[in-house]
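Residue numbers (my numbering), protein chains in the order written: chain A, 78 to 374; chain B, 440 to 749; chain C, 162 to 862. Every residue gets a Cβ at the ideal spot worked out from N, C-alpha and C, and that includes glycine. Report on the following structure.
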Ligand code: SF4
Ligand code: SF4
């Protein structure tokens, strides 16, 4: 095992992995849409990081019910986007809500990827019965409409951050497995894999060192798209009342909460919708940009 | 081919059994909560126990599952706890409503997205391509609930053109169908468009298109006869899979517009742990998924002579 | 050759074609001129990236959205192609100028029947009805030797073999009786025996239809066989042109001259005529040197002259012929002297048997899950990839396994290195049985001493790891060295051995050229001090001028280490050049084996004879006896009974060959031929290859 770990860690080379990662990120400059996407995502990341500094109010403070956008609060600050029926500032809740999304979405994606990659590597590399079994399980899960799955699982095990992560992992890992499996089936026929086999390398060495790193291009693009999709899922669950338990701010939940009054006070629902759409757009454009670059060289 | 279809349906039956079992087991995780849902949070421990016993919940899991399975196979779906009527009485009308919704969504989405996709893919990198691609990224980035909110605030609250809910309480009203269909189409057409575009663009760079052009064929013939047939194979599969996706989409849309369809039913049943309704809905979902998948595969084989004549 | 009498079909004047990319303008073709008369055939040769295909696409004016003609003119029958509008172009394309492509499978639309794809040509260009177009297509199909035309017409492309597909493409091109036919590497994707038939067919048809041919190829031999005149291209420019005889017999540009030093001929071996590689590699289009593009690789480079202004084509013959070259110093170079510098090499002494293969057999089970197979009970069938393989390889020896695609040579390599297990017979390596020992059950010593070199330079190295770490891994794995410093030291020495700069240790494969990657592959194979190296087509994916250098390197290292080399190849010239002994395979079975001299001279096995005849040879002074094989090799799944070669054998004896497997006849000195024909009969067969003066040259007698 130590042998394996040692071989995965890159041999000391002059250019560190970090520098190379940054360098490939710099390539993104060449793609217009990619830059817009990266900008949107970065914007929300910064907002989430500095939420306590930026937000004008406490997100859960009940101050001025149904304030219209632009109303000034006696204390001095302004409800730029208005307040909800409990008098909580919409802008502050959107700002704090970005923390929720940007914590759970990457976490859920990461978990799904870990599971999906392991399954996909094993299925694509060993093929045979194991592949048949894993593919059957994946098909069974995928044949079920995703949202139906989420609704069933979450409504039973109860809405909470960790449960959402579990549900998303369960529902997305099969899709990731399929992609990884397809890539592995292609890459395992390369001569360098045959070279590794002919010197008697272990299967996991071949999968992790010879195959996986060369599948990273399509996987990174897919991860970006999937992040966007997970954001949608978290939003939808909130909208259906299955998101994070109140009162902590969550974009989908805000829309759900204010829906009965939307006819009179559209601002309560419209702004969170714009926030979530812009973040998703960011991920989608970023994926487009990355794909464009990866096709170039 | 027959063999293939039989295998597929065998597979589907297996998946249905597994899924139904999984649903039973899932609800078993929170024993007794169904009684709380029915009797309310202030019911006494004793009341709940009696209710559970009266409704057969004290039987062991396997007995309950076995009898459900036997009944289900005979077409007897059980009694809904929430609606207090046989499951089929609520399921079929709801399913019909959703079919209407789905039909119109597809009737609009397919022609629009195929046309746009082909136009964009014909000249990759052209102005039209970039415009169509950008529009479709933006629309796929707006989740259904967000576009429901945005469209409502424009067409219902702002312009006051359309009704805000689609309960159809006074009989079928096409106007009430407009917003739900719009929301579904807007979210989904971008994906199909992009897939069609990618497929078309790929075909346009193949050597056989070059052959066709260098044979001196008119451009129309190159596109219609040589490119389209190959370019539409991939989108066909994707469209079939979108039917499956639609079952997810309708949950949100029906909830947002209070439309009495399958999605709303499923959501309600799930929130109330109405197990027989959930089971019936799950079976419908798996059936639709497997059937469309099989259709997609058969169609794919038909469209692709390389597989058809092996 | 009085071309001035009739106006040429095609005239290209100082053509310039560029591609416009984000990095700016990239000139793909510069200052290119050519003229082609009616019925004439001209060859355009050059290595990949020299711009030869761009010229063809330029003639068709099909350069994609980012390519454009930036200078000069292409005149087709006097009309400037660049001034035609779309409609006029369409009338010319496919009717007056037609094209044949490299990959026939890709060039045909997979979802339309052959009929649809053929008749639309006549219908579009001649405005005739469907029935008439159909009749015409059938008639031309017969011309391209595709009998059973109705069945072909109803088929989809994937239902035809590669040779048939290419014949369909030829038919498509000839349908409207073009006056100019462009052939872009028309046979590169095909097996040699299939190629030979097609080449003959095209030559015959162009004569019959009076079509002018522009033959584009990287294969000098093919051009010799097919063309009247030739134009050699290098890095976007033509560097030499003239008749095939002039250019190939008396090249007057150092590049052309060098190319001939790089290609092995089936008339000479490594000890008589070592290859003389051209140093360096092709410059990238945006990194071309000033002055002569070939300058950095030229032995006669004159500083201050060759790197100055652009160099023009100039006449290099006093007799007033059209032989021209783009070299300033052509008259200063002593061309004859250069060829004479030949170092005779000593033969390496041959040692003990390292590898002994006896009756080796490898079957694959194929499971047919269709309902028909299920009913008839033929659910499992066997693919006989290797059957009764017998041969020996000794220390320091080079044994070549030669055959066309599907002959089972790669399967055998897999069994040797332990990726597959044999299903019968014995494979002994250094005395140990390894045929059924998978690589995981071999000792690391065994693994290290039996290594492999792979075919495809772009796949042989892991793109994510540095060169150093990939070679280092092998050294550590086989326990040659353990300490990091020593490993590094050894990696550096290996880089020296394969003549790569030491700083490549930090590079990634993406930054290397194809030839450099193959060198790293060789270094990796030799890292564990192997006693046997299996090289599976190690140079066939490389450019000709690079091939020679890599081949020589491989042989030098082999000689130094006394390694046994198992060279797997489809290229008879290369085999003739470097092998000591040869095994000829067909459909998984050995047809003939023996020392190289014996195999390349009579008595031949009928298959070897046909193979030899099919190899194009880049020497106009050589004549070959023409043996054209009909049809395609049968699929390995449905092998014919009796002799595997009986479906195509021109010497077939009748029912005997169809029913009984042929015996192995020993012609002496380990030269074995598997054929029903008596040796006496086979001995009467003449040499396939001979000089024009009548001497058989293929073997020392
Ligand atoms: S011009 Fe100079 S560098 Fe170029 S080929 Fe001639 S001698 Fe060599
Ligand atoms: S055995 Fe018969 S068919 Fe086979 S090679 Fe000899 S003569 Fe030809």
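Best match in the options for proximity to residue i [C-alpha to C-alpha]
i, options, result
"residue 708(C)", "308(C), 732(C), 692(C), 840(C)", "732(C)"
"residue 667(C)", "681(C), 675(C), 658(C)", "681(C)"
"residue 565(C)", "385(C), 285(C), 354(C), 513(C)", "354(C)"
"residue 721(C)", "303(C), 659(C), 765(C), 740(C)", "659(C)"
"residue 336(C)", "256(C), 186(C), 497(C)", "256(C)"
"residue 568(C)", "541(C), 794(C), 799(C), 258(C)", "794(C)"
"residue 467(B)", "713(B), 746(B), 735(B)", "713(B)"
"residue 580(C)", "273(A), 156(A), 152(A)", "273(A)"
is_contact[residue i, chain A] using C-beta, thresh 9 Å
i, result
"residue 583(B)", "yes"
"residue 638(C)", "yes"
"residue 811(C)", "no"
"residue 743(B)", "no"
"residue 849(C)", "no"
"residue 579(B)", "yes"
"residue 706(B)", "yes"
"residue 529(B)", "no"
"residue 689(C)", "yes"
"residue 454(B)", "yes"
"residue 603(B)", "yes"
Whole-number beta carbon distance between residue j and residue i, since they are thought to touch under 8 Å
i, j, result
"residue 251(A)", "residue 687(B)", "Not confirmed; about 15 Å, so no contact."
"residue 170(C)", "residue 341(C)", "5 Å"
"residue 230(C)", "residue 243(C)", "5 Å"
"residue 458(B)", "residue 725(B)", "5 Å"
"residue 670(C)", "residue 624(C)", "5 Å"
"residue 547(B)", "residue 624(B)", "5 Å"
"residue 438(C)", "residue 423(C)", "6 Å"
"residue 206(C)", "residue 381(C)", "6 Å"
N-terminal and C-terminal residue of the alpha helix (DSSP H) that residue i is part of
i, result
"residue 455(C)", "Unbroken run through residue 455(C): none, as it is neither H nor E."
"residue 214(C)", "213–220"
"residue 406(C)", "405–410"
"residue 607(B)", "Element bounds for residue 607(B): n/a, residue is neither H nor E."
"residue 605(C)", "605–610"
Cutoff 9 Å: residue i Cβ touching any chain B Cβ
i, result
"residue 181(A)", "no"
"residue 346(A)", "yes"
"residue 370(C)", "no"
"residue 365(A)", "yes"
"residue 216(A)", "yes"
"residue 104(A)", "no"
"residue 319(C)", "yes"
"residue 316(A)", "yes"
Min CB distance residue i to chain C below 9 Å
i, result
"residue 721(B)", "no"
"residue 107(A)", "yes"
Where the beta strand (DSSP E) through residue i begins and ends
i, result
"residue 725(C)", "725–730"
"residue 519(C)", "514–528"
> Listed from N- to C-terminal order along the chain, which residues in the region 614–628 of chain C have their beta-carbon within a distance smaller than 8 Å of any beta-carbon of chain A?
Replying inline: Among the residues of the region 614–628 of chain C, those with a Cβ less than 8 Å away from any Cβ of chain A are 615, 616, 617, 620, 621, 622, 623, 624, 625, 626, 627, in the order of the chain.
> Using Cβ-Cβ distances below 7 Å, what residues of the region 261–293 of chain A are close to chain C?
Replying inline: Correct list: 267, 268, 269, 271, 272, 274, 275, 276, 277, 287, 290, 291.
>> For the region 167–198 of chain A, list every residue whose C-beta sits within 7 Å of some C-beta in chain B, in sequence order.
In response: none
> If you measure beta-carbon to beta-carbon, which residues of the region 214–225 of chain C are closer than 8 Å to chain B?
Replying inline: 221, 223
> According to a CB-to-CB cut-off of less than 7 Å, which residues of the region 110–132 of chain A neighbour chain B?
Replying inline: none
>> To be precise: take each residue of the region 567–597 of chain C, compare its Cβ to all Cβ atoms of chain A, and keep it if any distance is under 8 Å. Which residues remain?
In response: 578, 579, 580
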